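**Student:**
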Amino acid sequence: MGRRKKGLDIHGWIALDKPPEMTSTDAVARVRRLFNANKAGHSGTLDPLATGMLPIALGEATKTVPWLMEAEKIYRFGIVWGVSTDTQDAEGREIARSDVRPDPAAAAEALAAFVGGKDQTPPIYSAVKVDGARAYDLARDGEIPELKPRPVVLHEARVLDTSTPDRLDCEVRCGKGYYIRALVRDMAAVLGAEGHVTGLRRLSVGPFCEENAISLDALIDLVHKDAAQRALLPLEIALDDIPALTIKGEEALSLRQGRPIVLLPHQVESLRSKMRPRTVSGEDASRAALAMCGGKAVALGEMRAGRLTPTRIFYPNQEN
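Read left to right, the sequence shown gives residues 784 to 1103 (the working numbering).
(1) I need the boundaries of the beta strand (DSSP E) containing VAL955, first residue and last residue.
(2) Can you tell me the Cβ-Cβ gap for LEU829 and LEU837, rounded? I've got them flagged as a contact below 8 Å.
(3) Just to check my reading of the structure: PRO906 and ARG964 have Cβ atoms closer than 8 Å, yes? What is that Cβ distance to the nearest angstrom?
(4) What do you get for GLU977, buried or exposed, if any count of 16 or more other CB atoms within 10 angstroms of its CB means buried?
(5) According to the Cβ coordinates, are ARG880 and GLY865 closer than 8 Å?
(6) Just grab the DSSP bridge partners of VAL1063 for me.
(7) In terms of DSSP beta bridges, what is ALA1011 paired with?
(8) Look at the Cβ atom of LEU1002, then the Cβ atom of PRO802, and state whether they are nearer than 8 Å.
(9) Please list the terminal residues of the continuous alpha helix (DSSP H) segment that includes LYS1057.
(10) Helix or strand or just coil, what does DSSP make of PRO887?
(11) Given that a residue counts as buried once 16 or more other Cβ atoms are within 10 Å of its Cβ, and exposed if not, what is TYR1098?
(12) Of the residues CYS953, TRP796, VAL973, which one's Cα is nearest the Cα of ARG859?
(13) Specify, as a first and last residue, the run of the alpha helix (DSSP H) that PHE818 falls within.
(14) Quick one: Cα of LYS856 to Cα of ALA844, how far?
(15) Could you check which residue in ALA798, ARG1061, GLY1032, GLY1089 has the C-alpha nearest to that of THR834?
(16) Let's see if you can read the secondary structure: which residues bound the alpha helix (DSSP H) around ASP969?
(17) Could you check if LYS846 is buried or exposed, using at least 16 other CB atoms within 10 Å of its CB as the buried criterion?
(18) Grab me the residues of GLY960's own chain with a C-beta within less than 7 Å of its C-beta, minus the 5 sequence neighbours each way, in chain order.
(19) Going straight from the alpha carbon of ASP949 to that of ALA888, what length do you get?
(20) Determine the closest residue to THR947 out of VAL863, THR1092, GLU929, with distance taken between C-alpha atoms.
(21) Who are ILE878's beta bridge partners in DSSP?
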C-alpha cells in the first residue's frame, strides 16, 4: 500500500511579505501549515532580519521554483557607516570601527562602479555550501569558511537618501545569487570606511512585487475567514516570461503522457521569435516553451526540429 499524502493538493504561489526575525524555512513551514498543503518551497532565501518578497510555492507550483530562482530581484537597504560586523548586518558582532563617513558623492560613485557583471565573494554568514555544510553553520562553530568568488550581475543601483552622514539609503536591481551584505562590505573597503547593512527589504522577485504581496497577519486572517484561496496566485505567474503555446486537449494528453507533439510552422516561428538565451539550474533553457490548455499550464517543454518535447509536466489535478 502506498504512503498517504500529508495535507491537501493546493497549487499556486503565495507572494509573502516576510516579516523580520523569521527565517525563510520557517516562513515556508508556516504557510504550508496555514493551507495544510502537502508540498511547499521557496524561490530563494531571504535573510532573517530582512523583510519583503518571499514567493512561496505550493503543490505543482514547486516545479516552477528553478525558473523563478533565475529571476531578477530589487532590494532597498541602508548602509550604516562607522561599524562593521561579522555578519555584515545589525545582528552581528562588531569587528571594526571607524570615524570615516564617506562623502555622499563618493559613495554614489563607488556604488555605481559595482554595476555590471562582477565576481563577488559571499559573506561567511551565508547559505552557501562548503564541503556539504552551510557557511553560516561553520562560522557559528568558530570556523572561517573559504568561499570562492562567484560571477554575479548588478543591473542597476541608485542612492535614495544622503540626508545623514551616518547612513546611506540605496536601491538595486540584481541577478541570481547577489548578496547585498557583500556589496556593502566591498563598498566600505573601496571607500576606506566601515559599514554594515540595515533595513534590508526585498521589493520584488521577477513578477512578484509589492502590489501582489500579502503579509503573514493578513494571510492568517484570510485563513480564519476560510478565504485563503484569495491570496493564492496561479503557478503560471512564475513562468510569465517564457514563450507560451496554446494547445488542444489531445495534445495536452500527449504531453502529460511524456510524448512530444508536432508543431505547425507558424507555431515554430512564433515561439522562436520570443525565445532568448537563458540558463536554469545550470543548464541551457533557451528553447523552453510553456504549453497551455484552457488557460492552465500543461507542461514545460523544449522545442527542437519542429516538436515540443515535455521536460516538466503539470498534472490535471492542479486546478484548485
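Yeah, the Cβ is synthetic: ideal placement off N, Cα and C, and Gly gets one too.
These figures come from a predicted structure and were not determined experimentally.
**Tutor:** Reading off the structure:
(1) Along the sequence shown, one-based indexing puts residue 955 at 172. Here the beta strand (DSSP E) through VAL955 covers 950-957.
(2) The sequence position of residue 829 within the sequence shown is 46, counting from 1. The sequence position of residue 837 within the sequence shown is 54, counting from 1. So it is a contact: roughly 5 Å between Cβ atoms.
(3) For the purposes of this step, residue 906 is taken as residue 123 along the sequence shown, with counting starting at 1. For the purposes of this step, residue 964 is taken as residue 181 along the sequence shown, with counting starting at 1. Right, the Cβ-Cβ distance comes to about 5 Å (below 8 Å), so this counts as a contact.
(4) One-based indexing of the sequence shown puts residue 977 at position 194. Looking at its Cβ environment, which holds 16 or more other Cβ atoms inside 10 Å, GLU977 is buried.
(5) Counting from 1 along the sequence shown, the entry for residue 880 is found at position 97. Counting from 1 along the sequence shown, the entry for residue 865 is found at position 82. In this structure, ARG880 lies near GLY865, with their beta-carbon atoms less than 8 Å apart.
(6) Along the sequence shown, one-based indexing puts residue 1063 at 280. BP columns for VAL1063 point to GLU1066.
(7) Within the sequence shown, numbered from 1, the residue matching residue 1011 stands at position 228. Residue pairing by DSSP places ALA1011 in no beta bridge whatsoever.
(8) Residue 1002 sits at position 219 when you count from the first residue of the sequence shown. Residue 802 sits at position 19 when you count from the first residue of the sequence shown. It is not a contact, given that the beta carbons lie outside the stated cut-off.
(9) Locating residue 1057 in the sequence shown gives position 274, where the first residue counts as 1. Membership of LYS1057 in the alpha helix (DSSP H) is indicated by the continuous run 1048-1057.
(10) The count along the sequence shown starts at 1 and reaches residue 887 at position 104. Under the three-state reduction of DSSP output, PRO887 falls in the helix class.
(11) Mapped onto the sequence shown, residue 1098 falls at position 315. Classification for TYR1098: exposed.
(12) The residue given as residue 859 occupies position 76 in the sequence shown. Restricting attention to CYS953, TRP796, VAL973, the CA atom closest to the CA of ARG859 is found in CYS953.
(13) For this step, residue 818 is matched to residue 35 along the sequence shown. PHE818 -> alpha helix (DSSP H) spans 807-818.
(14) For this step, residue 856 is matched to residue 73 along the sequence shown. For this step, residue 844 is matched to residue 61 along the sequence shown. Each residue's Cα considered, the two are about 19 Å apart.
(15) Along the sequence shown, one-based indexing puts residue 834 at 51. Cα-wise, what sits closest to THR834 is ALA798.
(16) Translated into positions along the sequence shown, residue 969 becomes position 186. For ASP969, the enclosing alpha helix (DSSP H) covers residues 963-974.
(17) The residue labelled residue 846 in the question sits at position 63 within the sequence shown. That one is buried.
(18) Reading the sequence shown from its first residue, position 177 is the one you call residue 960. Cβ-Cβ distances below 7 Å link GLY960 to ARG933, VAL935 in the same chain, with the five nearest sequence neighbours on each side left out; the list follows chain order.
(19) In the sequence shown, the residue the question calls residue 949 occupies position 166. In the sequence shown, the residue the question calls residue 888 occupies position 105. If you take the alpha carbons of ASP949 and ALA888, they lie about 14 Å apart.
(20) Against the sequence shown, residue 947 aligns to sequence position 164. Of the candidates VAL863, THR1092, GLU929, the one whose C-alpha sits nearest the C-alpha of THR947 is VAL863.
(21) What you label residue 878 is simply residue 95 of the sequence shown in a count that begins at 1. The partner list for ILE878 (beta bridge, DSSP) is empty, contrary to what the question assumes.
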